[in-house]
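Scroll down for the structure; my scribbles are underneath it.
Chains as they are written, first to last, in our numbering: chain R, 4 to 343; chain P, 71 to 359.
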């Protein structure tokens, strides 16, 4: 932190200014996601990348939520629980109530946010490892609840969920029926990418708003923040519910793609992974979780050529990265900026 | 009823031993060791290799897994945790490292020992049958007694030996301990080695009864976290209490709730949430430890 306060332009207040360089960066990123990636896949014929990249986009939506809880100084290892809840809410609404998928997407997020308020009120009083361990256990609770409840159909799960239907406003078709598409893989990729871009835009806005400043005060010293009149309890729950909202949406989208959900769809490992994506990208950077997700998930996929050594190389690389860049990959940028 | 209590005590002794290692590492270095379950599995496989493959007596296998894990723990502390803790801005970064090590150990176990379930032959035959009230195989009793002996040994070591005193000082206040002339680096390493060794010992003990397989690491870590939360992180008495409480709850729950299906752990988790809402630092933990 000391290095940052020396330079007059901290990464935080710089975020609010839309410099031309920044606009070009955002433009290049959007171009890459929506044009270059599909073009590259069409050229090389690696259609399997669509599934991987769709997963990356959705996982980074979930990771964005985890990052927000890091931002208020809490280690969240329970995002898998909300992804599971969101997935089940969407699946049950589609299958049992016949609601359109497009309506269930925000509903899944809202349901998760509501659940997280109830759970968050007591557990957000915990800090440090205590909070981390409780959230870890939460994933296990979600899995066991899904196994025990009758509405979730136990271990058999909910299967053959229909693909998302047509989305139209006033007779104008915005998204066509997925079942009628020649290439649903591409459609899912674009949908997930749009979701990812929206999520990170929202996250970026939150961080650079009044709410973001208040969150930072929590991260640095909660007592001090409370003493100067910040409503810490409300803020914690608010940040946590936004985080869970993202988790729920990611889970609901995953269900739509795989057309099925089981209690083991999101387990403790997934929750831990969400946290790792944030760490790897860098906790001090809004786009850290996106980069972290991409590197870890895509890297894991590419390493599948190494067969039985896949996990060994993957974890070895992770440990090595941690030794070289303990503050995340994006801390490389930080160094350049302080030099300037 | 006696049967339930006996089962609970036996389970609790194992659990307490696992939780002790985790809490020791946490109290010394403020590191949540995600790899603890994997260390336990590794210890089990070492014992299996020595006993079942090389045909040596069980006690040699147990000592071997203790030695291997202690060396492993020491190396991990010295070459991985120490540099990362020194250079990282936020101390949570060690969690990524710990999770990385957990994956790494999983990979190593997979390559060295394969994914099959392994076990060693019974070390003692026969079953204790006390008037049909307590029925328990002798090997379980032996393992339970061994585990309790190890716990008592560990407490005595921490209480009366020079290294134990140094580590307790370190856990209380790192800075003050350093000022009083405690070699912080050395005792952090010894502490980590000791914690890993305890995990290895439990693995070695349990391989004789439940056997061991690759998938047991993660769930064991989760259970160890549960015990620490019940008892309070970083406190030795808390780890022991947490271990025995979880063992008892599991034993009682499996008997009483059997009629309602597999919901024992759901009930335990729900109870824990309520408990933590009232007492966030656990039974014996320091507030905001």
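Built from N, CA and C at the ideal position, the CB exists for glycine as well.
Residue burial classification, residue i (beta-carbon count within 10 angstroms, cutoff 16)
i: residue 230 of chain P; result: exposed
i: residue 231 of chain R; result: exposed
i: residue 341 of chain R; result: Any reading at residue 341 of chain R must be qualified, since the residue scores a pLDDT of 49, below 50, and its modelled position is unreliable; the value itself is stated next. Its Cβ having fewer than 16 others within 10 Å, residue 341 of chain R is exposed.
i: residue 256 of chain P; result: exposed
i: residue 205 of chain P; result: exposed
i: residue 127 of chain P; result: exposed
i: residue 226 of chain R; result: exposed
i: residue 317 of chain P; result: buried
i: residue 13 of chain R; result: Note that residue 13 of chain R has pLDDT 45, beneath the 50 cutoff, so the model's placement of it is unreliable and the number below is only indicative. With fewer than 16 Cβ atoms within 10 Å of its Cβ, residue 13 of chain R is classed as exposed.
i: residue 70 of chain R; result: buried
i: residue 327 of chain R; result: exposed
i: residue 315 of chain P; result: buried
i: residue 344 of chain P; result: exposed
i: residue 199 of chain R; result: buried
i: residue 293 of chain P; result: buried
i: residue 57 of chain R; result: buried
i: residue 311 of chain R; result: exposed
7 Å Cβ cutoff met for residue i and residue j
i: residue 248 of chain R; j: residue 116 of chain R; result: yes
i: residue 171 of chain P; j: residue 105 of chain P; result: yes
i: residue 118 of chain R; j: residue 126 of chain R; result: no
i: residue 221 of chain R; j: residue 95 of chain R; result: no
i: residue 128 of chain R; j: residue 350 of chain P; result: yes
i: residue 157 of chain P; j: residue 329 of chain R; result: yes
i: residue 334 of chain P; j: residue 342 of chain P; result: no
i: residue 33 of chain P; j: residue 245 of chain P; result: Residue 33 of chain P cannot be examined here, being either before or after the span of chain P that is shown, 71 to 359.
i: residue 80 of chain R; j: residue 145 of chain R; result: no
i: residue 267 of chain P; j: residue 86 of chain P; result: no
Top-ranked residue by Cα proximity to residue i, from the options
i: residue 238 of chain P; options: P:305, P:149, P:249; result: P:305
i: residue 293 of chain R; options: R:196, R:216, R:24, R:305; result: R:196
i: residue 159 of chain P; options: R:223, R:122, R:264; result: R:223
i: residue 106 of chain R; options: R:156, R:33, R:252, R:308; result: R:252
i: residue 121 of chain R; options: R:85, R:275, R:192; result: R:85
i: residue 91 of chain P; options: P:353, P:327, P:348, P:312; result: P:312
i: residue 59 of chain R; options: R:88, R:36, R:218, R:205; result: R:36
i: residue 134 of chain P; options: P:339, P:169, P:315, P:112; result: P:112
i: residue 257 of chain R; options: R:307, R:179, R:83; result: R:83
i: residue 202 of chain P; options: P:240, P:349, P:71, P:351; result: P:71
i: residue 300 of chain R; options: R:50, R:324, R:63; result: R:63
i: residue 169 of chain R; options: R:321, R:70, R:187; result: R:187
i: residue 153 of chain R; options: R:334, R:191, R:91; result: R:91
i: residue 52 of chain R; options: R:191, R:164, R:147, R:162; result: R:191
i: residue 287 of chain R; options: R:336, R:200, R:109, R:132; result: R:336
i: residue 167 of chain R; options: R:184, R:155, R:156; result: R:184
i: residue 192 of chain P; options: P:329, P:276, P:99; result: P:276
i: residue 243 of chain P; options: P:138, P:74, P:97, P:174; result: P:97
i: residue 161 of chain P; options: R:163, R:131, R:23; result: R:131
i: residue 331 of chain R; options: R:282, R:211, R:23, R:202; result: R:282
i: residue 186 of chain P; options: P:322, P:281, P:232, P:77; result: P:281
i: residue 78 of chain P; options: P:211, P:200, P:114, P:181; result: P:211
Nearest-angstrom beta carbon gap, residue j and residue i [assumed within contact, 8 Å]
i: residue 194 of chain P; j: residue 208 of chain P; result: 5 Å
i: residue 264 of chain R; j: residue 160 of chain R; result: 6 Å
i: residue 89 of chain P; j: residue 298 of chain P; result: 6 Å
i: residue 114 of chain R; j: residue 266 of chain R; result: In fact, because the Cβ distance is near 17 Å, the residues do not count as touching under 8 Å.
i: residue 274 of chain R; j: residue 139 of chain R; result: 7 Å
i: residue 310 of chain P; j: residue 221 of chain P; result: 6 Å
Residue range of the beta strand (DSSP E) that includes residue i
i: residue 197 of chain P; result: 197-200
i: residue 80 of chain R; result: Where residue 80 of chain R is concerned, there is no enclosing beta strand (DSSP E), given that its DSSP letter is neither H nor E.
i: residue 204 of chain P; result: 204-207
Limits of the unbroken alpha helix (DSSP H) element including residue i
i: residue 109 of chain R; result: 104-126
i: residue 259 of chain P; result: 254-276
i: residue 265 of chain R; result: Run containing residue 265 of chain R: none; DSSP gives neither H nor E here.
i: residue 169 of chain R; result: Unbroken run through residue 169 of chain R: none, as it is neither H nor E.
i: residue 117 of chain P; result: 106-118
i: residue 51 of chain R; result: 51-74
i: residue 256 of chain R; result: 235-261
i: residue 103 of chain P; result: First-last for residue 103 of chain P: undefined, no H or E at that position.
i: residue 209 of chain R; result: 187-210
i: residue 223 of chain R; result: 213-223
i: residue 237 of chain P; result: 232-242
i: residue 298 of chain P; result: 287-301
i: residue 277 of chain R; result: 271-284
i: residue 316 of chain P; result: 306-326
i: residue 313 of chain R; result: 313-327
i: residue 173 of chain P; result: 163-183
i: residue 305 of chain R; result: 302-305
i: residue 138 of chain R; result: 131-151
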